[in-house]
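This report concerns only the one structure given below.
2 protein chains.
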Amino acid sequence: MQQLSVGMVGLGTVGAGVARILTRHADRVARRAGRPIELKWAVVRDVKKRRDADFEGVRIVDDARRVIDDPEVGVVVEVIGGVDAARRIVLDALAAGKQVVTANKALLAEHGPEIFAAARKADRAVAFEASVAGGIPIVGAIGVGLAANQVQSLAAILNGTCNYILTQMTQGGVAYAEALADAQALGFAEADPTLDVDGTDTAHKLAILAQVAFGADVRTADIPREGIDRLEIADLNYARELGYTIKLLAHARLAEGGLELRVGPSLVRNDRPLAQVHGSYNAVRVEGDAVGETLFCGRGAGMMPTASAVVADLIDVATGRAAITARALDFWPAAAAPIAVLPASRTRRRNYLRFLIADRPGVIAAIAHALGDKGISIASVIQHEPTQEDENGEPGPVPLVIMTHLAVEQDLRDAVREIDRLDVVRAPSVCLGVEE
Amino acid sequence: MQQLSVGMVGLGTVGAGVARILTRHADRVARRAGRPIELKWAVVRDVKKRRDADFEGVRIVDDARRVIDDPEVGVVVEVIGGVDAARRIVLDALAAGKQVVTANKALLAEHGPEIFAAARKADRAVAFEASVAGGIPIVGAIGVGLAANQVQSLAAILNGTCNYILTQMTQGGVAYAEALADAQALGFAEADPTLDVDGTDTAHKLAILAQVAFGADVRTADIPREGIDRLEIADLNYARELGYTIKLLAHARLAEGGLELRVGPSLVRNDRPLAQVHGSYNAVRVEGDAVGETLFCGRGAGMMPTASAVVADLIDVATGRAAITARALDFWPAAAAPIAVLPASRTRRRNYLRFLIADRPGVIAAIAHALGDKGISIASVIQHEPTQEDENGEPGPVPLVIMTHLAVEQDLRDAVREIDRLDVVRAPSVCLGVEE
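Chain order of the listed sequences is C and X. Numbering of the first sequence is given in the numbering used here, commencing with residue 1 and proceeding in unit increments. Numbering of the second sequence is given in the numbering used here, commencing with residue 1 and proceeding in unit increments.
Below, the structure written as structure tokens:
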């Protein structure tokens with residue numbers, strides 16, 4: 001078979017990693033792909049910037065058109081990130097008959113239907129293993145490895161920055177702001193970390209996984225999400241006392257009436273493998289109807305882990321597997337059997353609740369009553385003796401922590417609103433999910 | 001595309017699971033396979049045995065020849081287990097031009113080269129996802145998902161029976177014999193559990209993984225292995241005190257000079273995900289040169305998890321992906337670039353050592369001296385005050401536990417032989433590996 005020529009658009013960290021593997025391990029790649037894979041073009045913003053030896057022989061240009069118009073190019077790798085320019089390049093590449101490999105989660109989360117419609121029209125594959133969970137081959141695992149299953153649920157740590165920060169907070173006992181600054185200093189967090197810490201990045205990836213695992217066509221904006229930016233160290237400590245660790249989880253579950261989707265800080269029992277996923281690692285727990293529970297962990301970002309996924313996709317394109325998989329799995333299909341996404345209010349979960357209450361008789365009864373009224377049953381309670389006094393020398397307000405059994409979200413919200421109105425409650429309550 | 005007709009040989013637990021998925025989820029399977037997959041034949045020992053509704057329309061016979069001679073059959077599923085009959089069926093099926101799906105680890109571990117030579121000759125695929133780690137799609141993960149990587153190391157829990165027993169011993173504090181009896185009563189262990197608990201089953205699977213990940217052609221007998229059948233609860237307790245959990249691990253690592261391979265009970269630090277793999281679950285940690293560390297967990301055996309892998313292979317055969325993968329990965333190739341397997345004596349590992357020593361001055365010094373003489377350095381030590389007295393009212397022998405840094409196996413053996421000769425050492429020492 002003749003060689004596969006690659007045009008890569010974007011030469012940031014991931015692009016440099018891809019070039020490194022294709023250049024330094026050309027033999028290995030050719031062996032597994034059944035033919036050589038050659039990096040022919042790289043499209044960059046600044047063609048004058050010096051490149052290292054991995055780019056010898058690569059034509060470096062600043063116009064993606066050059067690549068797309070080259071009939072020798074069989075596949076376009078999109079690693080520029082962002083949405084608008086990336087969308088244009090992917091659509092143009094498909095229209096020109098190229099296969100496409102992309103690492104762009106925002107692009108697929110926002111424009112999946114348009115891009116896959118274009119791919120079907122052109123009879124080309126769009127491979128996107130690198131767009132979710134970096135080096136973990138999760139798209140292949142769900143779509144191919146677990147193809148005999150109907151996925152029942154997913155729970156995933158999909159943002160390495162957040163997991164790094166949470167690990168620092170949990171293990172080092174440092175507050176959010178300090179852990180974030182530390183992550184920035186070490187390069188684990190961007191200068192502007194908003195999209196990571198507010199849960200948007202995780203929601204992008206969940207939107208893609210919801211398509212891969214459930215065929216659900218969801219936009220990021222439709223996924224209820226909460227970030228880690230308002231997490232208090234107190235809650236990590238109570239979680240530990242209860243035998244749990246707090247992780248930023250993407251959650252999806254086939255429930256009666258539709259699909260539950262959400263992103264938020266959640267308590268995970270310490271003896272569950274997800275709780276032991278530390279630092280910048282990602283992990284995806286997949287429950288299938290035949291296989292039961294499976295877990296896939298690895299680095300979710302970074303130069304070489306993401307390049308590992310991009311090159312795996314290139315090998316899949318070169319062998320012809322990608323074309324078969326694209327046809328068989330038909331992501332974001334034209335005629336989707338629409339799977340209903342449950343409104344957040346109708347989803348069910350266990351909850352961790354923290355209230356700041358006056359140390360007075362009857363307070364716990366009042367709170368328990370408000371929960372009971374909504375049919376929410378209490379699994380466990382922590383209240384320690386008060387250690388602070390208020391300005392009058394009276395015992396200060398004390399935290400009360402309650403873990404509930406499964407509760408419908410709307411009932412919980414109603415109960416908490418009720419509780420927050422009690423005059424013995426001294427601050428808005430904290431409410432986090434608990435992953436089963 | 002026309003339907004794919006399946007002839008299944010063997011109708012035990014796994015075969016019944018495969019039939020269940022193919023029958024009850026025929027639509028799902030057809031959608032993902034691009035065409036219907038029909039179970040046409042089942043070959044059993046006793047055709048008169050009653051079968052459930054999943055076998056309506058399936059021709060049940062006791063002669064595999066009927067299946068192999070049927071030109072309509074496109075793929076033969078071998079799930080009878082054992083080695084000799086299975087080998088015959090697989091070779092005959094390939095010679096008749098059928099694709100093959102097998103769940104048979106012993107067969108591949110013993111006859112991989114012969115079977116894949118026959119497959120190449122017939123230009124047919126032998127798919128074997130179900131042969132290692134049951135429902136975990138690990139062959140696909142390493143061969144396809146991580147195809148951009150050179151695997152550097154593997155550490156895996158591959159026997160659910162052993163992991164169940166070890167979990168019972170660790171969490172319940174029960175001795176080996178009791179945990180085994182319990183596992184047998186619950187159906188997690190066979191009446192004759194020898195091949196599970198002595199490490200043979202794990203070694204079969206490691207032999208297959210060594211081929212998939214490193215291209216190493218190894219027979220089970222060549223893998224140094226130790227089982228869990230002589231593990232004492234004392235060592236699980238000391239491990240816990242040191243912050244470790246004991247797991248039966250398959251280990252492979254590309255070292256200088258060749259490939260390290262071994263199977264044995266090993267200490268894993270509690271904060272590593274492998275330590276949190278409980279009960280009958282399996283897990284494979286794969287370290288790749290690009291992706292870094294990844295971990296794949298799930299059920300390693302049982303009716304539906306194993307059937308999940310067999311049906312995934314059938315879907316791969318139906319789509320044509322299996323044929324491509326077989327050609328690209330070329331398992332047990334004719335002209336293997338032989339990778340040297342290091343003799344056990346030259347491998348390196350950290351060690352957990354337990355000695356039973358007289359409570360007398362100079363004993364620890366003598367032991368430390370014997371280790372130091374061989375260049376083995378001590379990482380940590382536990383010795384508690386003696387609690388027993390011997391028949392003369394003197395303090396009884398006390399256990400001394402030492403964790404070493406990395407040591408060459410031969411040096412360690414020499415040092416331990418030296419130590420066991422000391423007259424102050426009261427019992428043969430216990431030596432377990434420590435997984436990094």
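Built from N, CA and C at the ideal position, the CB exists for glycine as well.
Below-9 Å beta-carbon distance, residue i vs any chain X residue
i	result
Asn149 of chain C	yes
Leu259 of chain C	no
Cys162 of chain C	no
His278 of chain C	yes
Val100 of chain C	no
Arg321 of chain C	yes
Asp289 of chain C	yes
Tyr281 of chain C	yes
Ala334 of chain C	no
Pro36 of chain C	no
Arg272 of chain C	yes
Selection from the options that minimises the alpha carbon distance to residue i
i	options	result
Ala125 of chain C	C:Asp313, C:Leu166 and C:Ile223	C:Asp313
Asp217 of chain X	X:Gln184, X:Ala127 and X:Leu342	X:Leu342
Ser153 of chain C	C:Gln211, C:Asp192 and C:Ala323	C:Gln211
Ile138 of chain X	X:Cys297, X:Val76, X:Ser280 and X:Glu232	X:Cys297
Gly143 of chain C	C:Cys431, C:Gly187 and C:Arg327	C:Arg327
Val424 of chain X	X:Pro273, X:Arg360, X:Gln168 and X:Pro265	X:Arg360
Arg285 of chain C	X:Thr167, X:Leu295 and X:Gly288	X:Leu295
Leu231 of chain C	C:Ile115, C:Gln150, C:Val197 and C:Lys49	C:Val197
Ala415 of chain C	C:Gly396, C:Met169, C:Gly393 and C:Ser377	C:Ser377
Arg66 of chain X	X:Val44, X:Lys49 and X:Val79	X:Val44
Ile228 of chain C	C:Val398, C:Leu267, C:Ala64 and C:Ala127	C:Leu267
Asp316 of chain C	C:Leu108, C:Glu72 and C:Val100	C:Val100
Ala148 of chain X	C:Gly17, C:His384 and C:Thr387	C:Gly17
Asp330 of chain X	C:Val311, C:Arg32, C:Gly172 and C:His25	C:Arg32
Lys374 of chain C	C:Gln2, C:Pro397, C:Thr387 and C:Glu418	C:Glu418
Ala42 of chain C	C:Gly7, C:Arg269, C:Arg28 and C:Thr13	C:Gly7
Gly10 of chain X	X:Leu39, X:Arg35 and X:Ala26	X:Leu39
Per-residue DSSP class, three states only, for residue i
i	result
Val381 of chain C	strand
Lys49 of chain C	coil
Ser153 of chain C	strand
Ile136 of chain C	coil
Thr347 of chain X	coil
Ser429 of chain C	strand
Thr387 of chain C	coil
Val284 of chain C	strand
Met304 of chain C	helix
Leu400 of chain C	strand
His369 of chain C	helix
Gln184 of chain X	helix
Gln2 of chain X	coil
Arg253 of chain C	strand
Val144 of chain C	helix
Ile233 of chain C	helix
Pro273 of chain C	helix
Integer Cβ distance of residue i from residue j, believed to fall under 8 Å
i	j	result
Ala175 of chain X	Tyr352 of chain X	That pair is no contact at about 19 Å.
Ala141 of chain C	Ala103 of chain C	At roughly 17 Å, the Cβ-Cβ gap does not stay under 8 Å, so Ala141 of chain C and Ala103 of chain C are not in contact.
Ile382 of chain C	Leu242 of chain C	7 Å
Leu274 of chain C	Lys205 of chain C	Their Cβ separation, rounded to whole angstroms, is 16 Å, which puts Leu274 of chain C and Lys205 of chain C out of contact at 8 Å.
Ala189 of chain X	Thr161 of chain X	5 Å
Chain C contact for residue i (CB, 9 Å cutoff)
i	result
Glu129 of chain X	yes
Arg32 of chain X	yes
Asp123 of chain X	no
Asp316 of chain X	yes
Thr170 of chain X	no
Leu146 of chain X	yes
Residue i beta carbon near the ligand ZN (any heavy atom closer than 8 Å)
i	result
Thr170 of chain C	For the structure depicted, the ligand ZN is absent and the ligand set is empty, with no information on it obtainable.
* To do: Output, in sequence order along the chain, the residues in the stretch 74-92 of chain C whose CB is closer than 9 Å to any CB in chain X.
  => none
* Residues, ordered as in the chain, of the stretch 296-314 of chain C that lie near chain X by beta-carbon distance below 7 Å -> Phe296, Cys297, Gly298, Arg299, Met304, Pro305, Ala307, Ser308, Val311 and Ala312
* Asked: Listed from N- to C-terminal order along the chain, which residues in the stretch 14-27 of chain C have their beta-carbon within a distance smaller than 8 Å of any beta-carbon of chain X?
  -> Gly17, Ile21 and His25
* Residues in the stretch 368-392 of chain X having any Cβ partner in chain C nearer than 9 Å -> none
* Check distances from the C-beta atoms of the stretch 344-370 of chain X to those of chain C and list, in chain order, the residues that come in under 7 Å. => none
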